[in-house]
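Chemist:
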Amino acid sequence: SSSTKYADPSRYLSDHPNNNVPPHIAALVGKGLHTRPNHPIGIIRAKIQEYFSSLPHQDFTIYDAEDPIVTTTQCFDDLRIPPDHPGRSPSDTYYITDTTLLRTHTSAHQSEHLRSGADAFLCAGDVYRRDEIDASHYPAFHQLEGVRLFPVEEMKGAEGKEGQEWLESEECKVIAEDLKATLEGLMDHLFGETEKRWNEDYFPFTSPSYELEIKYQGEWLEVLGCGVVHEEVLQTSDRADRRGWAFGLGLERLAMILFEIPDIRLFWTEDQRFHSQFASGEIVKFESYSKYPPVYKDIAFWIPEGFVENDFFELARGIAGDIVEKMELIDEFTNPKKGKTSKCYRITYRSMDRSLTNEEIDALQMQVREKVAEDLGVEVR
Ligand code: PHE
Numbered sequence: 047s048s049s050t051k052y053a054d055p056s057r058y059l060s061d062h063p064n065n066n067v068p069p070h071i072a073a074l075v076g077k078g079l080h081t082r083p084n085h086p087i088g089i090i091r092a093k094i095q096e097y098f099s100s101l102p103h104q105d106f107t108i109y110d111a112e113d114p115i116v117t118t119t120q121c122f123d124d125l126r127i128p129p130d131h132p133g134r135s136p137s138d139t140y141y142i143t144d145t146t147l148l149r150t151h152t153s154a155h156q157s158e159h160l161r162s163g164a165d166a167f168l169c170a171g172d173v174y175r176r177d178e179i180d181a182s183h184y185p186a187f188h189q190l191e192g193v194r195l196f197p198v199e200e201m202k203g204a205e206g207k208e209g210q211e212w213l214e215s216e217e218c219k220v221i222a223e224d225l226k227a228t229l230e231g232l233m234d235h236l237f238g239e240t241e242k243r244w245n246e247d248y249f250p251f252t253s254p255s256y257e258l259e260i261k262y263q264g265e266w267l268e269v270l271g272c273g274v275v276h277e278e279v280l281q282t283s284d285r286a287d288r289r290g291w292a293f294g295l296g297l298e299r300l301a302m303i304l305f306e307i308p309d310i311r312l313f314w315t316e317d318q319r320f321h322s323q324f325a326s327g328e329i330v331k332f333e334s335y336s337k338y339p340p341v342y343k344d345i346a347f348w349i350p351e352g353f354v355e356n357d358f359f360e361l362a363r364g365i366a367g368d369i370v371e372k373m374e375l376i377d378e379f380t381n382p383k384k385g386k387t388s389k390c391y392r393i394t395y396r397s398m399d400r401s402l403t404n405e406e407i408d409a410l411q412m413q414v415r416e417k418v419a420e421d422l423g424v425e426v427r
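First residue of the sequence shown? That's 47 in the UniProt record's numbering, and the numbers climb one at a time after it.
#1: Less than 8 Å between the CB atoms is what I'm expecting for F324 and V279, so what's the real figure, rounded?
#2: Do you know offhand how far E239's Cα is from E259's?
#3: Between the region 324 to 340 and the region 142 to 151, do three or more beta carbon pairs fall short of 8 Å?
#4: Residues bridged to V426 by DSSP?
#5: Determine whether the beta carbon atoms of S182 and M302 lie at a separation below 8 Å.
#6: What would DSSP say about V220, mapped onto helix, strand or coil?
#7: Please give the ranges of any beta strand (DSSP E) in the region 119 to 159, keeping only runs that are unbroken, at least 3 residues long and fully inside the region.
#8: If you reduce the DSSP assignment to three classes, tell me which class P69 lands in.
#9: Contact between the region 295 to 311 and the region 253 to 272 is defined here as three or more beta-carbon pairs at a separation below 8 Å; is this criterion met?
#10: Can you tell me whether D165 is buried or exposed, with buried defined as 16 or more other CB within 10 angstroms of its CB?
#11: Report buried or exposed for Q281, applying the criterion of at least 16 other Cβ atoms within 10 angstroms of its Cβ.
#12: Does the beta-carbon of S334, which I'm using as the reference point, lie nearer than 7 Å to any heavy atom of ligand 1?
#13: Compute the Euclidean distance between the alpha carbons of S397 and F313, then round it to the nearest angstrom.
#14: Answer with buried or exposed for K383, where buried requires no fewer than 16 other C-beta atoms within 10 angstroms of its C-beta.
#15: With respect to 7 Å, is the separation between the Cβ of E217 and the closest non-hydrogen atom of ligand 1 below this value?
#16: Indicate the three-state DSSP secondary structure (helix, strand or coil) for F251 in the structure shown.
#17: Sorted by chain position, which residues of the same chain lie with C-beta nearer than 8 Å to G88's C-beta, five sequence neighbours on each side aside?
#18: Q189 and V173: beta carbons closer than 8 Å?
#19: Could you check whether I407 and Y395 sit closer than 8 Å to each other, using their CB atoms as the reference points?
#20: Could you spell out where the alpha helix (DSSP H) holding T387 opens and where it closes?
#21: Sort out for me which residues DSSP pairs V193 with in a bridge.
#22: Is any heavy atom of ligand 1 found at a distance shorter than 7 Å from the C-beta of H151?
#23: Looking only at its own chain, which residues have a Cβ that is under 8 Å from the Cβ of D344, when we skip the five neighbours before and after it?
#24: Name the residue from Y184, T139, D124 and L125 whose alpha carbon lies nearest to the alpha carbon of K372.
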């Protein structure tokens with residue numbers, strides 16, 4: 047398949063000074079979880095596709111094998127994401143070179159698909175973000191993007207309208223209403239009839255923008271971001287004559303809710319006790335196989351100027367891998383005389399498929415202590 051060529055870590059590692067992709071991240075690329083029919087991520091993705099193919103007005107073209115390496119133009123500029131946006135920062139994003147990176151969202155493919163003439167499409171893929179470490183955050187996850195442009199005849203009144211005038215137009219309202227109705231229908235298809243609520247949101251590439259929340263087991267959960275495609279995005283893609291909507295959602299988040307999968311690391315396991323529970327087209331409750339006990343270790347250090355928390359999180363995963371379940375800041379204080387700040391983090395170590403020994407965790411924690419001093423210039427206390 048076309049995605050196997052992406053499973054070559056050397057594509058992501060380079061000695062370019064801007065490269066910040068560690069080997070344990072490069073090793074995750076190209077696994078194609080979203081294209082596996084019996085994997086929870088693939089099952090949800092198929093269920094979403096099934097809904098869109100049932101819609102009457104348009105055929106949605108399916109894309110699922112784009113290169114996860116994109117340019118800063120695709121990922122940011124074409125989407126009106128400003129140069130100083132925090133999402134562009136190397137503390138949040140994996141760069142291969144100064145102008146190429148591991149996509150941080152599937153929206154990175156909007157402009158190329160629009161430019162190629164697609165009027166309605168779905169685009170699924172793995173995306174990468176440097177972030178905190180806990181049961182619902184993993185540096186690689188999957189998104190599904192949807193875009194629908196409306197037929198030109200239906201948008202006659204919108205011609206040449208921009209900014210406020212466009213936002214107040216009847217056509218913009220028609221698109222926003224269609225977007226909301228379409229996504230509410232998607233949620234009913236996935237969850238059965240659920241309570242939903244819309245909040246205003248902000249994305250540089252859509253206006254107006256919204257987030258959708260659903261009520262699940264008594265709690266409001268944010269499930270997607272969306273909006274009316276910004277006219278400048280359409281202009282950039284040579285589609286200034288058209289108008290439409292876009293949305294993006296996280297597949298892990300939906301899969302964790304629907305299958306009751308408690309920890310995001312499970313999607314990456316090779317354990318048959320996980321995989322044997324899932325089959326194409328079936329949404330079943332995941333039966334946790336025995337949960338092994340956690341081991342907690344604290345580490346405190348004085349931070350240097352410019353300390354980046356994500357560097358520390360990633361360093362621990364680089365040493366101990368997925369047995370790092372969670373990293374949390376538990377204490378922080380500044381010594382006014384020294385003008386220095388100390389941070390104390392608790393690392394939760396737990397394997398999902400075996401018990402850990404004290405000796406092995408002590409050895410890993412020792413390596414973390416040494417490497418954090420060496421690489422991040424902190425002073426371990
Ligand atoms: N790309 C956005 C995100 O990752 C989601 C989104 C997609 C929002 C399309 C609007 C339109 O958060």
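Cβ atoms here follow ideal geometry from the backbone N, Cα and C, with glycine treated the same way.
Modeler: Inspection of the coordinates gives the following:
#1: In fact, because the Cβ distance is near 37 Å, the residues do not count as touching under 8 Å.
#2: 13 Å
#3: Here the region 324 to 340 does not lie against the region 142 to 151, with fewer than 3 beta-carbon pairs under 8 Å apart.
#4: The secondary-structure analysis by DSSP pairs V426 across a beta bridge with F347.
#5: yes
#6: helix
#7: As far as the region 119 to 159 is concerned, its whole beta strand (DSSP E) runs of at least 3 residues are 146 to 148.
#8: Helix at P69.
#9: yes
#10: buried
#11: Burial call: exposed.
#12: no
#13: 14 Å
#14: Exposed, because fewer than 16 other Cβ atoms sit within 10 Å of the Cβ of K383.
#15: Incorrect: E217 has no Cβ contact closer than 7 Å to ligand 1.
#16: coil
#17: L79, H80, T81, R82 and S326
#18: yes
#19: yes
#20: First-last for T387: K386 to Y395, but that is the beta strand (DSSP E), not the alpha helix (DSSP H).
#21: F167 and A292
#22: yes
#23: I376, C390, Y391, R392 and I393
#24: The shortest C-alpha separation from K372 is found at Y184.
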